[in-house]
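K.L.:
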Amino acid sequence: MGRTSSPAFGSLEYSSHRTVHKKSSLDAYTINTTNDMDYDSFLSISREQDELVRLSEVIRKKEHVHVEKVYGRSTNVLEGLELHERVFNSFEQQKIVDYIYHLQCMGQRGHLRDRTYSEPKKWMRGKGRVTLQFGCCYNYSVDKKGNPPGIIRDEEVDRIPRLFKAIIRRLVHWSVLPPSCVPNSCIVNIYDKGDCIPPHIDHHDFVRPFCTISFLTESNILFGSKLKIIGPGEFSGPVSIALPVGSVLVLKGNGADVAQHCVPGVHAKRISITFRKMDERKLPYRFILDPELQRLKPLHCMPNKSTGSTTQKRNHTISDLENEPESSSTILPHESDRFDEYQDSRVSEIQKRPRLKKDMNVLVEG
């Protein structure tokens, strides 16, 4: 089935079809829309041929090196950083951005929980980026109630939206994140020109790895064991890494725990989504496990219904495969090397087949 046309997610026409229901205090708000299926179905690629071609276009840079003296020892402070480019194409990026603007509109109208949406006043350069938190409420500093930085366990925010869960599935399916560390929280940052994120190391209420996806404009992120604040929104550090739109930066190892990172004041509108898994000891008191995010696997580990092998049937959609029973085979923590070998062999095989679509970059709904 081809894609169906629908009003833009952030438009007034679309908003008029939306209803919001507030459940009991044990539940977050549930967002019901007439186009709800559009939010996650467009990220499903209907044929193995299409998906493997898309996978072959992903650029993965896993070797980042910058040596500094840390506690008297020469240390590669970037060990563990990975940059995965072209994970989301322009069509997907636009859909995701439109949906984020839709969520921002809901927050402005008071249709999200109080701590889900935050839009502080811009009282100086670099201050005032809009944030949306799902899965948990995270405190950047001591708040008015005296809560320290970290996850506020007795505070409720909205659950992860369906579209974001579809993004998480792709990150695991495409071996960007390991199945042992499936995110259960996320934060969206909406930057205006000049907004920034100051130097920091992510709180250990969140386990490693975690990742950040970039949208709208390319920006730089700085790394170093000691970053300097020059002025409002201005920082300096030894390493600057460009974050192309549609890319995913994965942080673990020294890159997450030794090096600080920051985003200097951006030159144009930018959006990022950071996905993290909470430490089980820090889960919110009313946290509910999401069944849609359980038993996720890399694409090459998904069983074939008819043969039980680890390759996909040609006409299966990703959503079909997610409903299959869990394989008894053991999955290694990341399996990125095995995945690359599998991907190369399957792409080589698939390129010998006749093409069914002229443009393999267009997503086709199942």
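Residue numbers (UniProt numbering): 1 to 366. Glycine residues also receive a C-beta, built at the ideal position from the N, C-alpha and C atoms. All values reported here derive from a predicted model rather than from experimental measurement.
#1: Going along the chain, which residues of its own chain have a beta-carbon closer than 6 Å to the beta-carbon of K62, five neighbours each way excluded?
#2: Taking 8 Å as the cut-off, decide whether the C-beta atoms of L216 and I271 are in contact.
#3: Within its chain, find whatever has a CB closer than 7 Å to the CB of I168; leave out the 5 residues flanking it on each side and keep chain order.
#4: Considering Q260, what are the terminal residues of the beta strand (DSSP E) in which it resides?
#5: Is the distance from the Cβ of V266 to the Cβ of Y191 below 8 Å?
#6: Give me the Cβ distance between R208 and K252, rounded to the nearest whole Å; I'm assuming they're in contact under 8 Å.
#7: If we cut at 8 Å on Cβ distances, does E79 have a partner in chain B?
#8: Can you list, in chain order, the residues of its chain with a C-beta nearer than 6 Å to that of L171? Leave out the 5 residues immediately preceding and following it.
#9: What runs of the alpha helix (DSSP H), each 4 residues or longer, lie entirely inside the region 162 to 230?
#10: Just reading off the alpha helix (DSSP H) that V97 is part of, what are its end residues?
#11: So what's L283 in DSSP terms, helix, strand or just coil?
#12: Have a look at V44 and G72 and give me their C-alpha separation to the nearest angstrom.
#13: What residue does the beta strand (DSSP E) around N76 start on, and which one ends it?
#14: Do the CB positions of A256 and G135 come within less than 8 Å of each other?
#15: Among all the DSSP beta bridges, which residues are the ones paired with L132?
#16: Where G194 and L249 are concerned, what is the direct C-alpha to C-alpha distance, given to the nearest angstrom?
#17: By the 10 Å Cβ neighbour count, where 16 or more other Cβ atoms means buried, how is G237 classified, buried or exposed?
#18: Excluding five sequence neighbours on each side, which residues of the same chain lie with their C-beta closer than 7 Å to the C-beta of S219?
#19: Can you tell me which of P298, I197, I288, R109 puts its alpha carbon nearest to the alpha carbon of I221?
#20: On the criterion of 16 or more Cβ atoms from any shown chain inside 10 Å, does D114 qualify as buried, or is it exposed?
#21: Is it the case that the Cβ atoms of P284 and R153 are separated by a distance below 8 Å?
#22: Identify the continuous alpha helix (DSSP H) that holds A242 and give its terminal residues.
#23: Let me check one thing: in DSSP terms, what residues is V53 bridge-paired to?
#24: I need the straight-line Cα distance from N254 to P232, nearest angstrom please.
#25: Among residues of its own chain, excluding the 5 on either side of V258, which ones have a beta-carbon nearer than 7 Å to its beta-carbon?
#26: For V87 versus V130, is the C-beta spacing smaller than 8 Å?
#27: By the three-class DSSP mapping on this structure, what secondary structure does S328 have?
#28: By Cβ distance below 6 Å, which residues in the same chain neighbour H64 in space, the five residues on each side in sequence not counted?
#29: Can you check which of these residues, C186, H173, K95, H200, is closest to F210 by C-alpha distance?
#30: Using the Cβ count rule (16 or more neighbours within 10 Å means buried), how would you classify I213?
#31: Secondary structure at H84, three-state DSSP: helix, strand or coil?
#32: With distances taken from CA atoms, which of S247, L55, D158, D98 is nearest L112?
#33: Mind reading off the beta-carbon distance from H173 to L299? Whole number of angstroms is fine, and I expect it under 8 Å.
P.N.:
Straight from the coordinates:
#1: Locating residue 62 in the sequence shown gives position 62, counting from the first residue. Cβ within range, chain order: E82.
#2: Indexing the sequence shown from 1 puts residue 216 at position 216. Indexing the sequence shown from 1 puts residue 271 at position 271. Yes, the pair counts as a contact, with Cβ atoms nearer than the cut-off.
#3: Position 168 of the sequence shown, counted from the start, is the residue given in the question as residue 168. V182, P183, F275, L293, listed in sequence order.
#4: What you label residue 260 is simply residue 260 of the sequence shown in a count that begins at 1. Counting along the chain, the beta strand (DSSP E) containing Q260 begins and ends at 260 to 263.
#5: As a working note, residue 266 is residue 266 in the sequence shown. As a working note, residue 191 is residue 191 in the sequence shown. In contact: V266 and Y191 (Cβ atoms closer than 8 Å).
#6: Within the sequence shown, numbered from 1, the residue matching residue 208 stands at position 208. Within the sequence shown, numbered from 1, the residue matching residue 252 stands at position 252. Rounded, the Cβ-Cβ distance is 4 Å, consistent with contact.
#7: Looking at the structure shown, chain B is missing, and only one protein chain is on hand.
#8: As a working note, residue 171 is residue 171 in the sequence shown. Correct list, in chain order: L177.
#9: 162 to 173
#10: The residue you call residue 97 lines up with position 97 of the sequence shown. Unbroken alpha helix (DSSP H) run through V97: 90 to 108.
#11: For the purposes of this step, residue 283 is taken as residue 283 along the sequence shown, with counting starting at 1. Three-state DSSP puts L283 in coil, outside helix and strand.
#12: In the sequence shown, counting from the first residue as 1, residue 44 sits at position 44. In the sequence shown, counting from the first residue as 1, residue 72 sits at position 72. Just to set this straight, residue 44 is Ser in the shown sequence, not Val. Looking at the two C-alpha atoms, the distance is approximately 49 Å.
#13: Locating residue 76 in the sequence shown gives position 76, where the first residue counts as 1. Unbroken beta strand (DSSP E) run through N76: 73 to 76.
#14: As a working mapping, residue 256 is identified with position 256 in the sequence shown. As a working mapping, residue 135 is identified with position 135 in the sequence shown. No, these two residues do not count as a Cβ contact at 8 Å.
#15: As a working note, residue 132 is residue 132 in the sequence shown. Bridge partners of L132: Y117, V188.
#16: As a first step, residue 194 must be located in the sequence shown, where it is residue number 194. As a first step, residue 249 must be located in the sequence shown, where it is residue number 249. Distance between the alpha carbons of G194 and L249 is about 21 Å.
#17: Numbered from 1 along the sequence shown, position 237 holds the residue referred to as residue 237. Under this definition G237 is a buried residue.
#18: The residue labelled residue 219 in the question sits at position 219 within the sequence shown. Result list for S219: L243, V263, V266, R270, in chain order.
#19: Your numbering for residue 221 matches position 221 in the sequence shown. Looking at the Cα atoms, I197 is the closest of the given residues.
#20: By one-based count along the sequence shown, residue 114 stands at place 114. The residue is exposed, with fewer than 16 neighbouring Cβ atoms inside 10 Å.
#21: In the sequence shown, counting from the first residue as 1, residue 284 sits at position 284. In the sequence shown, counting from the first residue as 1, residue 153 sits at position 153. In this structure, R153 lies closer than 8 Å to P284 by Cβ.
#22: Counted from its first residue, the sequence shown places residue 242 at position 242. Not the alpha helix (DSSP H): A242 falls in the beta strand (DSSP E), residues 239 to 243.
#23: Working through the sequence shown from its first residue, we reach residue 53 at position 53. None, per the DSSP bridge assignment.
#24: Numbered from its first residue, the sequence shown carries residue 254 at position 254. Numbered from its first residue, the sequence shown carries residue 232 at position 232. If you take the alpha carbons of N254 and P232, they lie about 27 Å apart.
#25: Here the question's residue 258 lines up with position 258 in the sequence shown. Cβ-Cβ distances below 7 Å link V258 to V70, T75, V77, S225 in the same chain, with the five nearest sequence neighbours on each side left out; the list follows chain order.
#26: The count along the sequence shown starts at 1 and reaches residue 87 at position 87. The count along the sequence shown starts at 1 and reaches residue 130 at position 130. Cβ distance not < 8 Å, so V87 and V130 don't count as in contact.
#27: Within the sequence shown, the letter at position 328 stands for residue 328. Below a pLDDT of 50, predicted positions are generally treated as unreliable, and S328, at 32, falls in that range; no measurement from the model is reported.
#28: Counting from 1 along the sequence shown, the entry for residue 64 is found at position 64. Excluding sequence neighbours, H64 sits near L78, L81.
#29: As a working note, residue 210 is residue 210 in the sequence shown. Cα-wise, what sits closest to F210 is C186.
#30: What you label residue 213 is simply residue 213 of the sequence shown in a count that begins at 1. Buried: at least 16 other Cβ atoms inside 10 Å.
#31: Position 84 of the sequence shown, counting from 1, holds the residue named residue 84. DSSP places H84 in strand when its eight states are reduced to three.
#32: Stepping through the sequence shown from its first residue, residue 112 is reached at position 112. Of the listed residues, the one whose Cα sits closest to L112 is D158.
#33: Numbered from its first residue, the sequence shown carries residue 173 at position 173. Numbered from its first residue, the sequence shown carries residue 299 at position 299. Right, the Cβ-Cβ distance comes to about 5 Å (below 8 Å), so this counts as a contact.
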